[in-house]
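J.:
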Amino acid sequence: MLTGTAPYRADSVDSRQDTILRTYLNHHQNLINQNNTNSNHTNHTGKKTHHIFQNKQIPIKYWAMRYMLFTKFNSGIQLDEESFYSVCPEVLSEHIAKRCENNIVCDPFCGAGGNIIQLAMICKKVIAVDIDPNKIRMARHNAEIYGVADKIEFIVGDIFKIYPTLKADVVFMSPPWGGPGYTQTKSYTIETMCSNHVGECVMLAKDFAKVEIQQNIINGKLNHLSAFFGDFYRNSN
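According to full-length UniProt numbering, the sequence shown is numbered sequentially starting from 1.
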C-alpha cells in the first residue's frame, strides 16, 4: 500500500482523466491571517526560536507561505531553506493522513516533518526516515511542538539501504524534488522534479493494479498531485 505527493504544474495534467480534489484553507484562513498580521518569528526569550540551518535568505514567496505549511509556525517551528519549498501544506498533509488512519506508516523522506506530524495525529505509529540528520533534528523538534513526537520513530538513514529492516502497513512518499529551479524549465518530467533516486521511486508503483490521482487545489491554485495506490484507491465516480 502506497500513497505519495509531489508538486506539479497544472497544464501538465489531463483533468478529464484524473480525480479532482479541491482542497481549500477555509478552516485555516482566520488563523493564517491573524499570524500574518502579528508575525514575530524570532523570540529572544529562547522559547520560540526559528533556527534556519542554512544561512541563506528565504525567498519572499516561500516566507509568505509559512503559516500554510505550519499553522503553529510562531510556536517555534524549525525549517531550513530547502524545507520552505519542500514541506507539504498542513491542510493537505491532514487530508492525506485520513487515508492512513489506524495504520503503521513509514515516510522514507520525512524532511522537516510536515507530513509525519499529521500522520501521527491519526495513525498508530509513524516511522520517519531521512538521510539528512539536520532534517531529522528539525522534524523531531516540530513534532514536539504539535505534541506527537512520542508516536514517531525517527531514523537517520538511506531508505534504499535500510528498508528491508522496516515494518509498516503503509508507505507515504514525498520524495525530494528539484526545487525552485523548475521555473526556468520549459517542460516538466519526473527527472527534473525529483533530485535523486528517480528510477527507484517510480518502480515502487509497478506492482499496483490501480492508482488514484488527485489534483490538490489550495486557494484556487494547483499545489500538489497526490497518488493513492492499492487499497488506498477509491473510485470517486
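All C-beta atoms in this analysis are idealised placements derived from N, C-alpha and C, irrespective of residue type, glycine included.
Rounded to the nearest angstrom, how far is the Cβ of residue 136 from that of residue 156, given a contact under 8 Å?
T.: Locating residue 136 in the sequence shown gives position 136, where the first residue counts as 1. Locating residue 156 in the sequence shown gives position 156, where the first residue counts as 1. That pair is a contact at about 5 Å.
J.: Can you tell which of 143, 129 and 144 has the C-alpha that lies nearest to the C-alpha of residue 158?
T.: The residue you call residue 158 lines up with position 158 of the sequence shown. With distances taken between Cα atoms, residue 158 lies closest to 129.
J.: Does the beta-carbon of residue 60 have 16 or more other beta-carbons within 10 angstroms, so that it is buried, or is it exposed?
T.: Counting from one through the sequence shown, the residue named residue 60 turns up at place 60. Burial call: exposed.
J.: With a cut-off of 8 Å, do at least 3 Cβ pairs link the region 137-155 to the region 98-112?
T.: They touch, by the three-pair rule.
J.: Residues bridged to residue 65 by DSSP?
T.: The residue you call residue 65 lines up with position 65 of the sequence shown. DSSP lists no partner for residue 65.
J.: With DSSP as the reference, identify every bridge partner of residue 90, one or two as the case may be.
T.: Translated into the one-based positions of the sequence shown, residue 90 becomes position 90. None, per the DSSP bridge assignment.
J.: Could you check what DSSP says for residue 218 in three-state terms: helix, strand or coil?
T.: Residue numbering aside, residue 218 sits at position 218 when the sequence shown is read from its first letter. Note: residue 218 maps to strand in three-state DSSP.
J.: Mind reading off the beta-carbon distance from residue 58 to residue 84? Whole number of angstroms is fine, and I expect it under 8 Å.
T.: In the sequence shown, the residue the question calls residue 58 occupies position 58. In the sequence shown, the residue the question calls residue 84 occupies position 84. Yes, they are in contact, since the Cβ atoms of residue 58 and residue 84 sit about 5 Å apart, within 8 Å.
J.: In chain order, what residues of the same chain have a beta carbon less than 6 Å from the beta carbon of residue 79, not counting five sequence neighbours either side?
T.: On the sequence shown, position 79 is the one that residue 79 refers to. Excluding sequence neighbours, residue 79 sits near 112.
J.: From this set, 97, 82, 72 and 63, which residue's C-alpha is nearest residue 132's C-alpha?
T.: As a working note, residue 132 is residue 132 in the sequence shown. Out of 97, 82, 72 and 63, 82 has the C-alpha closest to the C-alpha of residue 132.
J.: Is DSSP giving residue 223 helix, strand or coil here?
T.: Working through the sequence shown from its first residue, we reach residue 223 at position 223. Looking at residue 223 - three-state DSSP - the assignment turns out to be strand.
J.: Residues in its own chain within less than 7 Å of residue 245 by CB, not counting five upstream and five downstream?
T.: Not covered by the structure: residue 245. The range shown for the chain is 1 to 237.
J.: Relative to the alpha-carbon of residue 87, which residue among 103, 151, 74 and 63 has its alpha-carbon at the smallest distance?
T.: Within the sequence shown, residue 87 is the residue found at index 87, counting from 1. The option with the nearest alpha carbon to residue 87 is 63.
J.: Under the three-state reduction of DSSP, which class applies to residue 228: helix, strand or coil?
T.: To locate residue 228, count along the sequence shown from 1; it is residue 228. In this structure, residue 228 counts as strand in the three-state DSSP scheme.
J.: Could you have a look at residue 168 and say whether DSSP puts it in helix, strand or coil?
T.: Here residue 168 is taken as the residue at index 168 of the sequence shown, counted from 1. It is coil, neither helix nor strand.
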